[in-house]
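Numbering (my numbering), first residue to last: 2 to 650. The beta-carbon is built from N, C-alpha and C at its ideal position, and this holds for glycine as well. Scroll down for the structure; my scribbles are underneath it.
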Ligand SMILES: [Zn+2]
Ligand SMILES: [Zn+2]
């Protein structure tokens, strides 16, 4: 990166004043020019990023040109001139070349600890533009996967993203892979197993009907390979859990690669919501070790998810003895309980099925757990899709609060797609928050089919939540239903559209770009009690940021979902770099095992990867359209190195 000499063009008096302030090392903040300059010390910074368009997400939503970083935190933000004046002899300068820089993205609800353990053995269909591509990848991957390993496609896709707008058939899956077991999960409503997978899990004509799911059978009573989540998704979870796991070494590599994949999308923090078959403390050994080795490249706050139907209180009683919220550090920290608190309160979000009514035992079971958590001052989160579930949980919360006040505990609901105003107000009154995700971007079409377009208009009613002053955090709920791409989630917040292009929300329930981004940064920080620590580019906050491939604020809306980070920094350290910043990238991380689909395809579909054969074909066929699209780049005037392409749908 070149060091730029800054042309001094400000008034002499003002400059002299500022020099004096720096000399004195005075703690103060000045406001002028592009959003102000905030200085906390006179020591020289390790890093200055300058000549950028920095969306600080501070209280005034101001933009700045440059930012200085010291000891893993932002030291000061302001104009190029003022930041360059802080430069010392060892300060590294990164010229952003006019690029847009945002605070690191914080996904307040995903499952990255479990996702990381499995990432290297999953074939991701996230963002794949056609079923033909998806099946080609499946066929190729089956050929390179050694026994007894499976090919797994574990969510993150919907048929509406495919040009063909349909799911694969069992015939197509069996043709793509005859001998290698294949498990393809579609949302939480079904899984497709090929013949080899049925043999591997031992489902035959004689297998009794499982509890908590349906094995589809042909006329002779043989399983067809289709598993249906009716009445709930346990059959999907439990069948997937029968597959082989990666070795410990490969899990370490897999988790690192998954973090790096999230870094590619500018994600620097996530709040982990636990997950089925994600046991504490057994399944946290890998992430613990990476933390100890200093190999985490994103921050994780994690909630503990009970694994024992009817034994939930026992789980939480054991954990409140074992650990406590806040245990850990800013990279890896315990955040409380959830998203599963009691199994009787779990309303699966399968809009192909009618809304499940929670059993009457929900209230007493939830009450003992909530009471235990509040007594121990554990923040908690609860998965709740429907207003009816939220209302019943709130009845319990209000009752507990009368006995043991919640105080300022950062408790919250997750999802809340159909929540009513009345219940948002009740949450506000009890001091809670709502973490929302773009699950509707993957299943909005199903919701509209069942409940109608009118009902879908506020699923969830995000604007209402904000108007009523409830803390709202954004996220994805990746990896098994929605995908982990935050820009697809931001696109959904801004346009109100599904990944298949269905427009769900009227203007009044869509967000302006800055506000949407704010939910993903400042908004999410409340959910791990980090609101003073991260989310904005202001002096004193953790130096987590992402430099984007194009200008989020001015590109056409459709291009928002194609954004990536080209420079991601966590705590002042570069964790991901591409394009003109690639020299700053951390060393490559070879993928293990060698048959891993990640080795060939990466994770999320990449239009310019070697696998994008059909996308390349489309480009070759449409040169005029491609040129026209590029000529319309809103940022084209100042970004000659723009190499992206909007032909990736
Ligand atoms: Zn959930
Ligand atoms: Zn979840």
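- DSSP, read as helix, strand or coil, puts residue 212 in coil.
- In terms of CA proximity to residue 314, 338 leads the group 261, 298 and 338.
- With fewer than 16 neighbouring CB atoms inside 10 Å of its own CB, residue 409 falls in the exposed class.
- Here residue 470 has 429 as same chain residues with Cβ atoms under 8 Å from its own Cβ, once five neighbours each way along the sequence are excluded.
- In the DSSP secondary-structure assignment, residue 268 is bridged to 106.
- One thing to note: residue 536 has its Cβ no nearer than 8 Å to the Cβ of residue 264.
- Per DSSP, reduced to three states, the secondary structure at residue 116 is helical.
- Between the alpha carbons of residue 220 and residue 200 lies a distance of about 19 Å.
- In the structure shown, residue 556 adopts coil according to DSSP, grouped into three states.
- With at least 16 other beta carbons inside 10 angstroms of its own, residue 128 counts as buried.
- Taking a C-beta distance under 8 Å as the contact criterion, residue 331 and residue 593 do not qualify as a contact pair.
- Residue environment for residue 212: exposed (fewer than 16 other C-beta atoms within 10 angstroms of its C-beta).
- Check the Cα spacing between residue 526 and each of 257, 406, 240 and 302: the tightest is with 302.
- Taking C-beta separations shorter than 6 Å and ignoring five residues to either side along the sequence, the partners of residue 244 in its chain run 151, following chain order.
- C-alpha of residue 443 to C-alpha of residue 549: approximately 25 Å in a straight line.
- Assignment of residue 542 by DSSP, reduced to helix, strand and coil, places it in the coil class.
- Counting the other Cβ atoms within 10 Å of the Cβ of residue 562 gives 16 or more, which makes it buried.
- Note on the region 234 to 298: whole alpha helix (DSSP H) runs with a minimum of 4 residues are 235 to 241, 249 to 265 and 286 to 294, in chain order.
- As for any alpha helix (DSSP H) of minimum length 4 sitting wholly inside the region 155 to 215, the runs are 171 to 177 and 196 to 202, ordered along the chain.
- DSSP places residue 336 in the uninterrupted beta strand (DSSP E) bounded by 333 to 338.
- Straight across, the Cα-Cα distance linking residue 96 with residue 61 is about 25 Å.
- Counting along the chain, residue 408 sits inside no beta strand (DSSP E), nor does DSSP assign it H or E at all.
- As a beta-bridge residue in DSSP terms, residue 302 pairs with 272 and 334.
- Shown here for residue 376: same chain residues with a beta carbon closer than 8 Å to its own, the five before and five after excluded, namely 405 in chain order.
- The alpha-carbon of residue 596 is positioned some 11 Å away from that of residue 602.
- Note on geometry: alpha-carbon atoms of residue 229 and residue 240 lie some 11 Å from one another.
- Residue burial is scored here from C-beta neighbours: residue 205 has fewer than 16 other C-beta atoms within 10 angstroms and is therefore classed as exposed.
- Where residue 224 is concerned, the enclosing beta strand (DSSP E) starts and stops at 224 to 229.
- Contact between the region 542 to 561 and the region 489 to 505 is present: three or more C-beta pairs spanning the two stretches fall below 8 Å.
- Rounded to the nearest angstrom, the Cβ distance from residue 483 to residue 411 is 24 Å, too far for a contact under 8 Å.
- The C-beta separation of residue 499 from residue 445 comes to about 4 Å, placing the pair in contact by the 8 Å criterion.
- Residue 242 sits close to residue 278, with the two beta carbons spaced by under 8 Å.
- Residue 348 places its beta carbon less than 8 Å from that of residue 387.
- About 11 Å separates the beta carbon of residue 417 from that of residue 392, a gap too long to meet the 8 Å contact definition.
- Residue 340 has its Cβ nearer than 7 Å to a heavy atom of ligand 1.
- Between ligand 2 and residue 274, a heavy atom-to-CB distance of less than 7 Å is present.
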